[in-house]
Amino acid sequence: MSSLNLGFVGLGRMGGPMTKRLLDAGHDVTVFDTSSAALDAAASHGAKIASSPSDVGDRADIVLVSLPTPDIVYKVVAGNDGVADGKQVRAVVDLSTTGPSMAARIGGELARRNLRWMDAPISGGIAGATNGTLAVMVSGDELTFTEIEAVLTVFGRLFYVGEKSGLAQVAKLANNLLAAAAMVVSSEAMVMGTKAGIRPDVLLDIINAGSGRNSATQDKFPRSVLPGTFDFGFATGLSYKDVRLCIDEAEAMGVPMVAGAVIRQMLAVTNARFGPDSDFTSICRVVEDWAGVEVRA
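Add 7 to the 1-based position in the sequence shown for my numbering, that's all there is to it.
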């Protein structure tokens with residue numbers, strides 16, 4: 008389908024489904040991950056396997072990366088044996104949440120190597136990655152955006168926010184702060200109502216029919232909290248990382264984050280209590296423990 012040779016590094020919860028969508032759309036994709044199981048899964052769908060990030064860069068014109076932390080993104084893209092060492096790669100597209108400071112740092116280093124850097128953080132969870140309904144925020148060179156637009160459209164709806172490196176990262180951090188905030192405040196409201204004696208499912212219906220409805224009450228509570236599964240698909244450690252990044256970047260810009268600091272603390276407690284690999288809907292479990300009541304259907 009595409010005249011571009013694509014590369015993809017990071018085949019985790021989000022990267023795996025996104026790579027499958029590229030392959031299903033007819034794209035030629037060379038992949039790398041530290042997990043052999045993830046590589047085997049990608050190969051079973053038709054992906055070509057590389058031996059390292061630089062090997063991906065040797066074989067692909069455009070390399071997409073989906074990785075958990077800014078430091079890992081830097082190492083994989085600009086470190087020794089990184090994607091940027093590849094002989095064929097012309098542009099790197101970062102689907103991760105790295106924050107604007109790291110985006111500017113990596114973008115600057117790639118520019119010195121005559122490579123282009125595009126921020127394209129995503130929102131919508133595993134379901135969005137699987138179904139192609141993600142929100143894809145993009146910033147960077149407009150000509151490069153035009154070149155990769157058809158590729159990124161496979162993942163969902165695109166929002167181009169400008170040429171300045173890191174702008175899309177700011178948008179992503181703002182979104183994830185709000186998502187975490189909705190989870191925290193909704194947990195407190197739901198636990199209060201449940202302890203008072205209102206059935207949780209009834210209270211949820213009331214909130215969703217009224218002005219208090221939000222992403223947590225409409226999606227996360229009915230799917231993951233009321234059933235007690237806590238399996239929405241976004242790790243507490245990653246949410247905590249994103250909110251910390253948001254607060255740090257905002258403060259560096261001179262923007263106060265008073266409520267944001269409280270959200271960060273709640274995530275710190277959840278991370279300490281249930282671990283970074285727990286689902287971030289476990290925020291509600293913290294409030295439940297404190298109140299001595301469970302919010303269940």
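Ideal Cβ placement from N, Cα and C applies to all residues, glycine included.
- Annotation for L141: I129, S130, G131, G135, F162, G163 place their beta carbon closer than 7 angstroms to its own, counting only its chain and skipping 5 residues before and after.
- Taking A188 as the centre and dropping the five residues before and after it, the same chain places the C-beta of A266, G267, I270 closer than 8 angstroms to its C-beta, in chain order.
- Remark: C-beta atoms of T224 and I214 approach each other more closely than 9 angstroms.
- Positions of the beta strand (DSSP E) runs, each at least 3 residues long and wholly inside the region 161-205, are given as 163-169 in order along the chain.
- Per DSSP, the continuous beta strand (DSSP E) segment holding L71 begins and ends at 69-72.
- 9 angstroms or more divides the Cβ of P77 from the Cβ of L211.
- The criterion of a C-beta distance shorter than 9 angstroms is satisfied by S246 and L274.
- Pairing E170 with E156 gives a Cβ-Cβ distance that is not under 9 angstroms.
- Only buried fits P60, as 16 or more other CB atoms lie within 10 angstroms of its CB.
- Take K227, set aside five residues on each side of it, and the residues of its chain with a beta-carbon closer than 6 angstroms to its own are F239, T288, in chain order.
- A direct Cα-Cα distance of roughly 20 angstroms separates V38 from E154.
- By the C-beta density criterion, D286 is buried, having at least 16 other C-beta atoms within 10 angstroms.
- Going by DSSP, R66 is part of the alpha helix (DSSP H) stretching over 60-66.
- Per DSSP, the unbroken beta strand (DSSP E) holding S146 starts and ends at 141-146.
- By a beta-carbon distance limit of 8 angstroms, K179 contacts M144. Their separation comes to about 6 angstroms.
- Across the structure, Q95 and S146 are spaced so that their CA atoms are roughly 23 angstroms apart.
- For T288, there is no enclosing alpha helix (DSSP H), as DSSP marks it with neither H nor E.
- For the 9 angstroms CB-CB criterion, V80 and I133 do not form a contact.
- The closest CA to that of P234, considering only C291, N221, L159, is found on C291.
- DSSP, read as helix, strand or coil, puts V302 in coil.
- Under a 10 Å Cβ-count criterion, D40 is classified as buried, with 16 or more other Cβ atoms of the shown protein chains found around its own Cβ.
- For A45, the uninterrupted alpha helix (DSSP H) segment begins and ends at 43-51.
- Of the candidates D35, D68, I69, P75, D35 places its Cα closest to the Cα of I56.
- In the DSSP assignment, V16 falls within the beta strand (DSSP E) that extends over 12-16.
- Shown here for A50: same chain residues with a beta carbon closer than 7 angstroms to its own, the five before and five after excluded, namely I56 in chain order.
- In this structure, the straight-line span from the alpha carbon of N183 to that of L46 is close to 29 angstroms.
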